[in-house]
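For reference, the structure is listed below as structure tokens.
Number of protein chains: 2
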Amino acid sequence: ADPEEGRKLATQCKTCHGLDGIAKIPVAPHLAGESQIYIEKQLKAFRSGKRENDMMSVVAKNLTDQQISDLAAWYQSIEITAKMPE
Amino acid sequence: ADPEEGRKLATQCKTCHGLDGIAKIPVAPHLAGESQIYIEKQLKAFRSGKRENDMMSVVAKNLTDQQISDLAAWYQSIEITAKMPE
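Sequence order for the protein chains is D and P.
Letter 86 of the first sequence, counting from 1, is numbered 89 in this note's numbering, and no numbers are missing.
Letter 68 of the second sequence, counting from 1, is numbered 71 in this note's numbering, and no numbers are missing.
This is the structure we're talking about:
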């Protein structure tokens, strides 16, 4: 898995999920820092039809295993910090 | 939706997802800062069986709409920041 390749591929994700994995729209989840295994599993589930979403079912259909692996590596490589409300 | 109630309910989520929404295990996604609409949709999809996961299908089955709304409000209330690799 190559995060640099994933970063390039993420140009097709960034309108909704952000290049840095902070989503631009409420219906899309933040992906920043999500694990390799989680992102791969979801993209493959969208690709196979096991998980369904109007947008993601279309996008994932054309991704190869390598591209999925690289995309997951990119989003996993982003560090996140969380701050709970007081 | 009451984030304070959601925080209390999140005691049943925190072993995997963290009370602050930073996941403790790679197979579970971070939930910190995810939107109300996204979290509600996913929990309802797990509850109905539309989305499947061994753990979440069981957990979600017992949640009411109000509890789902409160849990979503809690995780949405957490602020996240992302830092991309250099």
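Glycine is no exception: its CB is placed at the ideal position from the N, C-alpha and C atoms.
Taking 8 Å as the threshold (beta carbon to beta carbon), is residue i in contact with chain D?
{"i": "Ala35 of chain P", "result": "yes"}
{"i": "Arg54 of chain P", "result": "yes"}
{"i": "Val61 of chain P", "result": "no"}
{"i": "Lys17 of chain P", "result": "no"}
{"i": "Lys86 of chain P", "result": "yes"}
Within its chain, find whatever has a CB closer than 7 Å to the CB of residue i; leave out the 5 residues flanking it on each side and keep chain order.
{"i": "Glu82 of chain D", "result": "Gly36"}
{"i": "Arg50 of chain D", "result": "Ala63, Lys64 and Leu66"}
{"i": "Gln45 of chain D", "result": "Arg54"}
{"i": "Lys27 of chain D", "result": "Thr18, Cys19 and Gly21"}
Identify the residues that DSSP records as bridge partners of residue i: which are they?
{"i": "Glu153 of chain P", "result": "With chain P represented from 4 up to 89, any question about residue 153 of chain P goes unanswered, as that position is not in the structure."}
{"i": "Thr105 of chain P", "result": "Limits of chain P in this structure are 4 at one end and 89 at the other, which puts residue 105 of chain P out of reach."}
{"i": "Thr84 of chain P", "result": "D:Thr84"}
Taking only the alpha-carbon atoms, compute the straight-line gap between residue i and residue j and give it to the nearest angstrom.
{"i": "Gln70 of chain P", "j": "Gly9 of chain P", "result": "7 Å"}
{"i": "Pro88 of chain P", "j": "His33 of chain D", "result": "17 Å"}
{"i": "Val61 of chain D", "j": "Ile25 of chain P", "result": "29 Å"}
{"i": "Leu12 of chain P", "j": "Asp23 of chain P", "result": "13 Å"}
{"i": "Ala48 of chain D", "j": "Glu55 of chain D", "result": "8 Å"}
{"i": "Gln79 of chain D", "j": "Tyr41 of chain D", "result": "9 Å"}
{"i": "Leu74 of chain P", "j": "Pro29 of chain P", "result": "21 Å"}
{"i": "Cys16 of chain P", "j": "Asp57 of chain D", "result": "28 Å"}
Does residue i come within less than 8 Å of chain P when only Cβ atoms are used?
{"i": "Met58 of chain D", "result": "no"}
{"i": "Lys64 of chain D", "result": "no"}
Excluding five sequence neighbours on each side, which residues of the same chain lie with their C-beta closer than 6 Å to the C-beta of residue i?
{"i": "Ala31 of chain D", "result": "Cys19 and His20"}
{"i": "Met59 of chain P", "result": "Phe49"}
{"i": "Pro6 of chain P", "result": "Ala76, Trp77 and Ser80"}
Does the separation of the CB atoms of residue i and residue j fall below 8 Å?
{"i": "Ala85 of chain D", "j": "Ala4 of chain D", "result": "no"}
Residues in its own chain within less than 8 Å of residue i by CB, not counting five upstream and five downstream?
{"i": "Gln39 of chain P", "result": "Ala4, Ser72, Ala75, Ala76 and Gln79"}
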